[in-house]
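Read in order, the letters of the sequence shown are residues -21 to -1, 1 to 273 in mature numbering (1 follows the signal peptide of the UniProt record, and there is no 0). Where a beta carbon is used, it is the ideal one built from N, C-alpha and C, also for glycine. Okay, so here's the structure we're looking at.
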Amino acid sequence: MKLLHTLLVTTILTTGAAAYAAGDHAGDHGSNTPTAATSMSHDGMGHGGEKMEAVDARNTVKLALEPAAALEAGKTTQVTVKLNAATDGKPLTFDDLKEAHTKKLHLLVIDPSLSDYHHIHPVAGKNPGEYVFDFTPLKNDSYRVWADVIPVATDKQEYVQTDMGTPAKEKSGIDKSTNMTATVDGYTFTLALDGEPKAGAPVMGSVTVTKDGQPFTQLEPVMGAFAHVVGFTEDYNSVLHVHPMGQEPSSDTERGGPKLEFHIEPEKPGFVKLFAQVRIGGKDIFAPFGVTVK
């Protein structure tokens, strides 16, 4: 087995916001037990140790989505993603992107209430630089989209952000309740932290999976790992992307669990909504948690 490469927390600040077809979705997100993941903010070292940039003018990729019409809860809409070089407008195809976690293009999508999270991988569209995915929202609202890419030209991870849909006239607020346990599809997920999360300070975290009160050890590989954790801050402008660290599964037949450990270092105080993504029985499951950073 190859070792899971270091990082894995990325904090993305959407200052000066530049301007997936099956998708994974969350409506609210032993020897195979990973050890720990290191964390870092948006200006830390990323995949392979490269510098990761914030979402601003330094990004070399531009992101646009079509259509821009209102989204309807429960209704599936096909969305087109357009990726272009920021300098000359050249369409960026899959040949222009490097693979990370088994995919060349990841979209992190969530509504303003931080309850309806989707992790999507679009497929190539009809024209160069275009990608398509089907999207079925749970909310009649706009959704924020972060595209995670590594251009071949720079070999640096970039996050570009935009919104899709029309904002709701009446906004639903964020439920800021502390929530350390989630039950989804009969599986119980328990989040534990070794200390109070504080801005700028590292804290060790773990997610333990049980079924009918017993440790569950049949987690399947998902995007080259046994779990992925994503967090969204209450200001709707920052993302924490966490991957448990340890041994990557070397084949689709390997299984992991019940405990998945990671390292997280929040950049600023406030409420964070976390989603742990695992795969069980061929289905991606998202477990939601809520924590407050002091």
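- Cβ-Cβ separation between Asn63 and Lys69: approximately 6 Å, consistent with a contact (criterion under 8 Å).
- For Glu244, DSSP assigns no beta-bridge partner whatsoever.
- In chain order, Thr39 place their CB closer than 8 Å to the CB of Thr133, counting only its own chain and leaving out the 5 sequence neighbours on each side.
- DSSP, read as helix, strand or coil, puts Asp127 in strand.
- Phe73 sits in a helix when the DSSP states are folded into three classes.
- Proximity to Val272 across Ala178, Val182, His100, Gly261 peaks at Ala178, based on C-alpha coordinates.
- The bridge partners DSSP lists for Ile153 come to none.
- A straight-line Cα-Cα distance of about 8 Å links Asp113 and Pro101.
- Contact between the region 199 to 215 and the region 158 to 168 is absent: fewer than three C-beta pairs spanning the two stretches fall below 8 Å.
- In this structure, the alpha-carbon of Leu170 lies about 13 Å from that of His242.
- Looking at the DSSP output, Arg258 sits in a beta bridge with Glu199, Asp263.
- Between Tyr122 and Ile89, the beta carbon gap of about 7 Å places them in contact (Cβ cut-off 8 Å).
- Cβ atoms of Val124 and Leu84 stay farther apart than 8 Å, at about 12 Å.
- About 5 Å separates the beta carbons of Val188 and Pro237, which is inside the 8 Å limit, making them a contact pair.
- Proximity to Gly184 across Lys190, Gln193, Leu172 peaks at Leu172, based on C-alpha coordinates.
- Taking a contact as a CB-CB distance under 8 Å, the pair Thr59 and Leu42 does not count as one, their CB atoms being some 11 Å apart.
- With a cutoff of 8 Å on beta-carbon distance, Thr212 and Gly249 are scored as near each other.
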